[in-house]
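Below: the structure, in structure tokens.
2 protein chains.
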Amino acid sequence: MIAIGEASRQSGVGIETIRYYEREGIVPKPARAANNRRLYTARDVGRLRLLKRCRALGFSLADAKTMLDLAEQGSDDCPAVKALAEGHIAEVRRKITELERLEAALQELTRNCASGNVSCPMLAELQDA
Amino acid sequence: MIAIGEASRQSGVGIETIRYYEREGIVPKPARAANNRRLYTARDVGRLRLLKRCRALGFSLADAKTMLDLAEQGSDDCPAVKALAEGHIAEVRRKITELERLEAALQELTRNCASGNVSCPMLAELQDA
DNA sequence: GCTTGCTCCTGTAGTGACTACAGGAAGTAT
DNA sequence: ATACTTCCTGTAGTCACTACAGGAGCAAGC
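In order, the protein sequence lines correspond to chains A and B. Read left to right, the first sequence gives residues 36 to 164 (the working numbering). Read left to right, the second sequence gives residues 36 to 164 (the working numbering).
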């Protein structure tokens with residue numbers, strides 16, 4: 036049974052974030068010592084680590100919580116995990132496409148910009164439309 | 036001089052968003068009619084449209100405001116516009132790279148997931164680390 | 001025994017860029 | 001006169017934290 040600072044170090048999740056997850060019901064409330072301080076088990080740290088990894092993969096906190104629930108069930112519901120992940124992959128791809136579109140538009144707008152220009156073609160273009 | 040609803044229609048910026056931009060000092064406070072309703076000029080609508088386009092290109096509201104200020108100056112400071120845009124392009128590319136990294140990681144994690152699996156290799160992988 | 005410094009506690013407010021009301025007043029159409 | 005629409009102000013909610021404020025407890029050194 037370790038304190039929150041140690042749980043934070045072991046999981047890589049910030050102390051304030053751990054307390055936030057608890058408030059939001061993402062992780063169960065941990066045990067408390069006689070002095071009211073939170074006490075974490077290795078399993079609690081495992082939960083935090085799973086959340087950390089899911090967040091690093093870009094899952095929303097809600098989806099990360101779903102992953103955690105799936106892992107907790109012990110049934111290891113592979114199809115559900117796969118569906119969640121594939122939905123997320125689709126979302127990531129959608130974002131990539133959108134950003135590439137933006138990049139192309141920005142490139143096009145700056146194409147005619149030169150340091151010597153008296154009036155800016157990009158501004159002109161932005162003000163038209 | 037048009038009302039806020041019409042300015043919203045002409046610019047594509049939502050009514051609540053227009054009032055938000057005013058509150059935040061992004062656009063100047065418009066004229067008011069005797070009945071206290073906001074009155075917008077064609078120039079006001081032009082400002083909103085420029086903001087709209089910058090936001091659609093992914094610029095932060097702060098950067099969009101800078102663009103607007105550059106356009107207002109009339110000097111059409113092309114180098115400044117170009118610098119802003121190129122900084123933003125770099126940011127967009129950074130995001131694309133990051134998302135591609137995420138996608139690859141997700142693909143790798145789901146690669147061994149099959150509907151028939153008893154235990155989920157993705158969950159197992161996520162819980163290791 | 002006392003001070004210093006660390007960790008912990010609760011509760012609140014701030015971030016970005018809106019969006020969604022609540023509750024009311026004024027204008028327009030029938 | 002009534003119904004409908006638009007407008008007003010002000011506040012709270014979104015997401016996922018992050019940053020305090022203000023206090024309590026505990027360990028180590030003097």
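Glycine included, every Cβ here is placed at the ideal spot set by N, Cα and C.
*Looking at B:L141 and A:G127, is the spacing between their C-beta atoms short of 9 Å?*
Looking at the sequence provided, one finds Val at residue 127 of chain A rather than Gly. Contact: yes.
*Under 8 Å Cβ-Cβ, which residues of chain B neighbour A:D112?*
Listed along chain B are C155, each with a C-beta nearer than 8 Å to that of A:D112.
*Nearest to B:E57 by alpha carbon, out of B:A106, B:K100, B:N70, B:A139?*
Among B:A106, B:K100, B:N70, B:A139, the Cα nearest to that of B:E57 belongs to B:K100.
*asked:* Among the candidates A:P65, A:P114, A:R72, A:V48, whose CA atom is the shortest distance from the CA of B:R146?
replied: Nearest of A:P65, A:P114, A:R72, A:V48 to B:R146, Cα basis: A:P114.
*Check the Cβ of A:V127 against every Cβ in chain B and list those closer than 8 Å, keeping chain order.*
Neighbours of A:V127 on chain B, chain order: L134, L137, E138, L141.
_Nearest candidate by alpha-carbon position, reference A:A120, set B:Q108, B:Y75, B:A139, B:R78_ = From the listed residues B:Q108, B:Y75, B:A139, B:R78, the smallest Cα separation to A:A120 is found for B:A139.
*From this set, B:P156, B:T132, B:E133, B:I131, which residue's C-alpha is nearest B:E143's C-alpha?*
Comparing Cα positions, the closest option is B:P156.
_Cβ closer than 7 Å: which chain A residues qualify as neighbours of B:G81?_
Simply Q162.
*Which word fits B:R73, buried or exposed, when buried means at least 16 other C-beta atoms lie within 10 angstroms of its C-beta?*
Buried is the call here.
_Would you say A:L96 lies against chain B (beta-carbon separation less than 9 Å)?_
Residue contact with chain B for A:L96: absent (no Cβ-Cβ distance below 9 Å to any residue of chain B).
*Neighbouring residues, chain B, relative to A:K130 (Cβ below 7 Å)*: Residues of chain B passing the Cβ test: L134.
*DSSP-derived helix/strand/coil call for A:A97*: Note: A:A97 maps to helix in three-state DSSP.
*Out of A:A69, A:Y75, A:L85, A:G60, state which residue places its alpha-carbon closest to the alpha-carbon of B:D163.*
For the residues A:A69, A:Y75, A:L85, A:G60, the minimum Cα distance to B:D163 belongs to A:L85.
*Would B:G93 be called buried (16 or more neighbouring beta carbons within 10 Å of its own) or exposed?*
When all chains shown are included, B:G93 counts as buried.
*Assuming B:I131 contacts A:I131 under a Cβ cut-off of 8 Å, what Cβ separation, rounded to an integer in Å, is found between them?*
Contact annotation, B:I131 with A:I131: C-beta distance approximately 6 Å; criterion of less than 8 Å satisfied.
_Check this for me: beta carbons of A:R88 and A:L96, under 9 Å apart or not?_
No, the pair does not count as a contact, with Cβ atoms beyond the cut-off.
*Assign A:S154 to one of two classes, buried (16 or more other C-beta atoms within 10 Å of its C-beta) or exposed (fewer than that).*
Around the beta carbon of A:S154, a 10 Å sphere encloses fewer than 16 other beta carbons of the protein chains shown; the residue is thus reported as exposed.
*asked:* Let me make sure I understand the geometry here. Which of B:L103, B:A38, B:L134, B:G122 has the alpha-carbon closest to that of B:A69?
replied: Of all alpha-carbon atoms in B:L103, B:A38, B:L134, B:G122, the one lying nearest the alpha-carbon of B:A69 is that of B:A38.
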